[in-house]
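Down below is the structure, laid out as structure tokens.
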Amino acid sequence: MAPKLSKLEYQIMEVLWAGGESSIRDILESLPGKRKAAYTTIQTTVYRMEAKGVIRRVKKVANFHVFAATISRDNAQRRLIDDLLALLGGRSQPLMAHLIDTGKLTLEDVKEAERTLRRLSKEKES
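Numbered per this note's numbering, the sequence shown spans residues 708 to 833.
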């Protein structure tokens, strides 16, 4: 399972997943929002993420390093969702109710979930 990521770490991972290999400066410039963290904050966070094993240095160019993700977006999202469900006592119903109430769960999402449940059910029967 992927290590737990903070909000800033997740934003850095999004930059790496979307753009591939990036330097700390590239990451900083690609972060969303008007109020960006300081270069040193991103640098410290990147080095911590490297220690966690979620990113790695792929090369050195002049006096800076280039980093790449070592975990997939899917693995990170699964960890995030598992953590959220754990906070909800393992129950998915409150999450589903919230998604419905806010209009973030579409009929197509429900149909896709039904198809996945049917496929998983058939796989278990085999």
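All C-beta atoms in this analysis are idealised placements derived from N, C-alpha and C, irrespective of residue type, glycine included.
How many angstroms separate the CA atom of residue i from the CA atom of residue j?
i, j, result
"residue 719", "residue 766", "18 Å"
"residue 724", "residue 814", "28 Å"
"residue 795", "residue 786", "14 Å"
"residue 791", "residue 824", "21 Å"
List the endpoints of the continuous alpha helix (DSSP H) containing residue i.
i, result
"residue 714", "714-726"
"residue 758", "746-759"
"residue 762", "Here residue 762 belongs to no alpha helix (DSSP H); instead the beta strand (DSSP E) covers 762-768."
Taking 9 Å as the threshold (C-beta atoms), are residue j and residue i in contact?
i, j, result
"residue 774", "residue 731", "yes"
"residue 721", "residue 780", "yes"
"residue 710", "residue 761", "yes"
Is it buried or exposed, residue i, if we count other Cβ atoms within 10 angstroms and call 16 or more buried?
i, result
"residue 832", "exposed"
"residue 713", "exposed"
Starting from residue i, trace the beta strand (DSSP E) both ways and give me its first and last residue.
i, result
"residue 804", "Note, residue 804: premise wrong, no beta strand (DSSP E); alpha helix (DSSP H) at 800-808."
"residue 709", "Where residue 709 is concerned, there is no enclosing beta strand (DSSP E), given that its DSSP letter is neither H nor E."
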